[in-house]
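Enquirer: Take this structure first; my questions come after.
Protein chains in written order, with this note's numbering: chain A, 1 to 636; chain B, 1001 to 1192.
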């Protein structure tokens, strides 16, 4: 808000600057509770995991480039394959969408000064980091998880998998589900309770609807995975029986519980991508989203239907045909909300005046890949087709079009789109468009031929194959595509670093975006908004009278809240102010609590249960220390 | 502390909503556990296995009744803090805590015994049984810690922050008591 300020405004802004000032240096980062800094921590950490998962993928693609390659052996290949899946899903895409984008953008989009529970937010990041280090430490002793990302029993049982590999998997996932649940809880309550005055549900940005849908899915889907992994650890370590028929268990129980989590997980991955698309499209099409309420409902509906389709991952396991037909029908139902959104995106571009800059180009790629992946997805809902192609590369092609093409492309577009907001600097448009064409070509070259080799009979998860089966050329193309894709991704990283150093100022609102994050400075101040904005439409930045009113409010001191470290709370449905919440200051307890949990998980891994228990007691003490700091209030 | 210039509508605080979402995810966890019990029940001809004694009826039922009764003082505490009646809220919490602690100690004692009688390494039934009971007791333990915390906190002073904490804790207890009834139903189901 760069106004030539007479003194009352100046004083209020100085008050805010002083109240929200951040501790400088490393200690500031370790104890931060600022959603923007936590969002950036998430962002850089997930990029490191993305790079690790990418290297694993390239090693596998290099191994599969030609027949009978000898780069890695079968045991290493199994570990690479499992860790590639686990990393990309649990340590890249969930945390970069909900953790980085959600954390950074949701409070800015709803006009709040922070997340609902800032310290819990920090805890969720540090737990996530601990879980990631826990999982990756398995490589140090060459015992990384090796039973595939869905870790089917009986292969994952101790009789068939005696090392620590699967223990790293099960404990690491229990660990990371705790972090993800806390993050999702925080996003839900933030969206429920901290929306700016006037931002009733029908005026909330579609990005926040997508984050809400993904967070609700996380909260209700993760317990199934947690329980499943607890069962597996109890069976592996303490001799319980859940998954072995000899003592009354059932191996299919693992699959049911895994996919009760696993299918909602697909929408958890792709919903934030929808949210990013619905942010970028209106900005560059210069037109409000077509069918706004339908798209909002469709986002929630996708998340809901996602809970009723899990057994379509199990068509080849011998369930009764009645069951299969039910799940096939439910799976086809997902087409409806997905199609609503695709048409709404296309129509918005169609009736707007689109300007094809890099972010919108990535969304274009996303829509194309989503349609291709969706079409092969509908094919799997036909049970006979699924049974014929299950465990072939056709499946690999399908889900990579969805979780790379459809989920990651909007994230890449989103990185460019919000880069000016986060840094205050402009990216290089020419390099950005080049990086789009490279990643687009790379994705197509890598994953499209997989459909064909899949239909030719190449099965998933094999570490090598014989020549002369008609697979060689396709595999070589895929590997070349993989390297093209990696080049494109590196170019994006290069563009970010170079643009940051070149320091071309971007200004407050370079793209004329519609949502509230564009009303504040780039980068936003620690307190986000000098005045808590009042909202009368879903695109408040396009409502100029309202924003001029904000400036007058700053002069009057209305909704500035410059007497304390505060943000307003509002009612859930119509976002009417209900209270002023004092926000906590920086705190060392989240990182300390997460450290005790991390140590405890290593002790569980090595079966030092009593010592692990002692560390969990320390976690409880850290929670007490955390809660001992309270807002200053008058005695009630 | 800013005084609000806008007209304010009463609503539940964000801390209370946080507890609602937390309870939702924990309830889903128990749904998964009970679902597993029922699923495995239909994979087995004898559930529990024939050679095992049936689980006890009387003690867990009486204990559960006592625990569920603590919802009353917890509710009183929740109402009292919203009316600013600190002393009344404190006594309600103390009464609830006494019963909750007795419940937990008694149940943990019986639990150790149950692991002996129904070794989880012997059958899937015992594995699920022991896991569900253990998960329930762990949630009671968390509740006991929360109640203890607020007994200590509101002994001398009540603030809005602490009042929200007491209300969230009361909500947690209502949820845990409901879950305990479901767990009791699982425990009693072999007698049906």
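Every residue, glycine too, gets a C-beta built ideally from N, C-alpha and C.
Please read all numbers here as calculations on a predicted model, not as lab measurements.
Put residue 1085/B into one of helix, strand or coil per three-state DSSP.
Expert: Along the second chain, one-based indexing puts residue 1085/B at 85. In the structure shown, residue 1085/B sits in coil (DSSP, three-state: anything other than H, G, I, E or B).
Enquirer: Could you give the distance in angstroms between the alpha-carbon of residue 1026/B and the alpha-carbon of residue 185/A?
Expert: Start at 1 with the first residue of the second chain, and residue 1026/B comes out as number 26. Start at 1 with the first residue of the first chain, and residue 185/A comes out as number 185. Each residue's alpha carbon lies about 12 Å from the other.
Enquirer: When the cut-off is 8 Å and only beta carbons count, does residue 1150/B lie next to chain A?
Expert: As a first step, residue 1150/B must be located in the second chain, where it is residue number 150. Chain A contact via Cβ: absent.
Enquirer: Can you tell me whether residue 275/A is buried or exposed? The criterion is at least 16 other CB atoms within 10 Å of its CB, across all chains shown.
Expert: Start at 1 with the first residue of the first chain, and residue 275/A comes out as number 275. Per the 10 Å Cβ criterion, buried.
Enquirer: Taking all protein chains shown into account, do 16 or more other C-beta atoms lie within 10 angstroms of the C-beta of residue 136/A, making it buried, or fewer, making it exposed?
Expert: The residue labelled residue 136/A in the question sits at position 136 within the first chain. Buried.
Enquirer: If we define contact as Cβ-Cβ less than 8 Å, is residue 1076/B a contact residue for chain A?
Expert: As a first step, residue 1076/B is located in the second chain; it is residue number 76 there, counting from the start. Chain A, which has no Cβ nearer than 8 Å to the Cβ of residue 1076/B, makes this no.
Enquirer: Between 604/A, 451/A and 126/A, which lies nearest to residue 31/A when the distance is taken from Cα to Cα?
Expert: As a working mapping, residue 31/A is identified with position 31 in the first chain. That would be 126/A, whose Cα lies nearest to the Cα of residue 31/A.
Enquirer: Who are the neighbours of residue 217/A on chain B, taking C-beta pairs under 9 Å?
Expert: Locating residue 217/A in the first chain gives position 217, counting from the first residue. Near residue 217/A there are no residues of chain B at all, since even the closest Cβ is about 11 Å away, more than 9 Å.
Enquirer: Please state whether the Cβ-Cβ distance between residue 216/A and residue 605/A is less than 8 Å.
Expert: As a working note, residue 216/A is residue 216 in the first chain. As a working note, residue 605/A is residue 605 in the first chain. For residue 216/A and residue 605/A, no; Cβs fall outside 8 Å.
Enquirer: At the 8 Å Cβ level, is residue 437/A part of the contact set with chain B, yes or no?
Expert: Locating residue 437/A in the first chain gives position 437, where the first residue counts as 1. Not closer than 8 Å to any Cβ of chain B, the Cβ of residue 437/A fails to qualify, so no.
Enquirer: Answer yes or no: does any C-beta atom of chain A fall closer than 8 Å to that of residue 1079/B?
Expert: Here residue 1079/B is taken as the residue at index 79 of the second chain, counted from 1. So, not an interface residue.
Enquirer: Are the stretch 524 to 534 of chain A and the stretch 44 to 57 of chain A in contact at 8 Å, needing three or more beta carbon pairs?
Expert: Touching, no.
Enquirer: Relative to chain A, which residues along the stretch 1006 to 1024 of chain B have a C-beta separation below 9 Å, given in chain order?
Expert: Result list: 1006, 1007, 1008, 1009, 1010, 1011, 1012, 1013, 1014, 1015, 1017, 1018, 1020, 1021, 1022 and 1024.
Enquirer: Taking 8 Å as the threshold (C-beta atoms), are residue 580/A and residue 1011/B in contact?
Expert: Locating residue 1011/B in the second chain gives position 11, where the first residue counts as 1. Locating residue 580/A in the first chain gives position 580, where the first residue counts as 1. Result no, Cβ atoms of residue 1011/B and residue 580/A do not sit closer than 8 Å.
Enquirer: Please list, in chain order, the chain B residues whose beta carbon lies closer than 7 Å to that of residue 193/A.
Expert: Taking the first chain and counting its residues from 1, the one referred to as residue 193/A is at position 193. Under the 7 Å cutoff, chain B gives 1014 and 1017.
Enquirer: Thinking C-alpha only, which one of 210/A, 495/A, 190/A and 393/A is nearest residue 428/A?
Expert: The count along the first chain starts at 1 and reaches residue 428/A at position 428. Cα-wise, what sits closest to residue 428/A is 495/A.
Enquirer: By DSSP, does residue 1153/B sit in helix, in strand, or in coil?
Expert: Residue numbering aside, residue 1153/B sits at position 153 when the second chain is read from its first letter. Note: residue 1153/B maps to helix in three-state DSSP.
Enquirer: Residue 1120/B versus chain A: which residues are under 8 Å apart at the beta carbon?
Expert: Counted from its first residue, the second chain places residue 1120/B at position 120. Result: 234, 238, 239, 240 and 241.
Enquirer: Once the 5 residues before and after residue 1030/B are set aside, which same chain residues still bring their CB inside 6 Å of it?
Expert: Translated into positions along the second chain, residue 1030/B becomes position 30. Only 1179 meet the Cβ criterion.
Enquirer: In angstroms with no decimal places, state the Cα-to-Cα distance between residue 323/A and residue 333/A.
Expert: Indexing the first chain from 1 puts residue 323/A at position 323. Indexing the first chain from 1 puts residue 333/A at position 333. Distance between the alpha carbons of residue 323/A and residue 333/A is about 16 Å.
Enquirer: Cβ of residue 106/A within 8 Å of Cβ of residue 188/A?
Expert: In the first chain, counting from the first residue as 1, residue 106/A sits at position 106. In the first chain, counting from the first residue as 1, residue 188/A sits at position 188. No, the Cβ-Cβ distance between residue 106/A and residue 188/A is not below 8 Å.
Enquirer: With DSSP run on the structure shown, which of helix, strand or coil describes residue 580/A?
Expert: Taking the first residue of the first chain as 1, we reach residue 580/A at position 580. Looking at residue 580/A - three-state DSSP - the assignment turns out to be strand.
Enquirer: Go ahead and label residue 73/A buried or exposed: buried means 16 or more other beta carbons lie within 10 angstroms of its beta carbon, across all protein chains shown.
Expert: Position 73 of the first chain, counted from the first residue, corresponds to residue 73/A. It is exposed - the Cβ of residue 73/A has fewer than 16 other Cβ atoms within 10 Å.
Enquirer: What does a CB cutoff of less than 7 Å around residue 1101/B pick up in its chain, not counting 5 residues either side in sequence?
Expert: Residue mapping note: residue 1101/B aligns to position 101 of the second chain, counting from 1. Result list for residue 1101/B: 1144, in chain order.
Enquirer: Using 10 angstroms around the beta-carbon of residue 103/A, count the other beta-carbons present and answer buried if the total reaches 16, otherwise exposed.
Expert: Here residue 103/A corresponds to residue number 103 of the first chain, with the count starting at 1. Result: buried.
Enquirer: Should residue 313/A and residue 262/A be called a contact, given that it needs their Cβ atoms to be closer than 8 Å?
Expert: Within the first chain, the letter at position 313 stands for residue 313/A. Within the first chain, the letter at position 262 stands for residue 262/A. Cβ atoms of residue 313/A and residue 262/A: closer than 8 Å.
Enquirer: Starting from the beta carbon of residue 571/A, find every residue of chain B whose beta carbon is closer than 8 Å, and list them in chain order.
Expert: Locating residue 571/A in the first chain gives position 571, counting from the first residue. Correct list: 1009 and 1011.
Enquirer: Using a C-beta cutoff of 8 Å, does residue 485/A count as contacting chain B?
Expert: As a first step, residue 485/A must be located in the first chain, where it is residue number 485. Closer than 8 Å: no.
Enquirer: Please confirm whether residue 1159/B has its beta-carbon closer than 8 Å to some beta-carbon of chain A.
Expert: Taking the first residue of the second chain as 1, we reach residue 1159/B at position 159. Closer than 8 Å to some Cβ of chain A, the Cβ of residue 1159/B qualifies, so yes.
Enquirer: How many Å lie between residue 629/A and residue 145/A at the Cα?
Expert: Position 629 of the first chain, counted from the first residue, corresponds to residue 629/A. Position 145 of the first chain, counted from the first residue, corresponds to residue 145/A. Their backbone Cα atoms lie some 41 Å apart in a straight line.
Enquirer: Ordered along the chain, which non-local residues of its own chain (more than five positions away) have a Cβ less than 7 Å from that of residue 1120/B?
Expert: Translated into the one-based positions of the second chain, residue 1120/B becomes position 120. The answer, listed in chain order, is 1126, 1127 and 1130.
Enquirer: For residue 7/A, which of 562/A, 564/A and 555/A has the nearest alpha-carbon?
Expert: Reading the first chain from its first residue, position 7 is the one you call residue 7/A. It is 555/A whose Cα lies nearest to the Cα of residue 7/A.
Enquirer: Quick one: what does DSSP say residue 236/A is sitting in, helix, strand or coil?
Expert: The residue labelled residue 236/A in the question sits at position 236 within the first chain. Of the three classes helix, strand and coil, the one that applies to residue 236/A here is helix, per DSSP.
Enquirer: Quick one: complete beta strand (DSSP E) runs, 3+ long, within the stretch 321 to 408 of chain A?
Expert: For the stretch 321 to 408 of chain A, not a single whole beta strand (DSSP E) run of length 3 or above is found.
Enquirer: Could one say the Cβ of residue 1033/B lies closer than 8 Å to chain A's Cβ atoms, at least one of them?
Expert: In the second chain, the residue the question calls residue 1033/B occupies position 33. Yes, residue 1033/B lies at the interface with chain A (some Cβ there is under 8 Å from its Cβ).
Enquirer: For residue 505/A, count the other beta carbons within 10 Å of its own beta carbon; 16 or more makes it buried, fewer makes it exposed. Which is it?
Expert: Taking the first residue of the first chain as 1, we reach residue 505/A at position 505. Residue 505/A should be labelled exposed.
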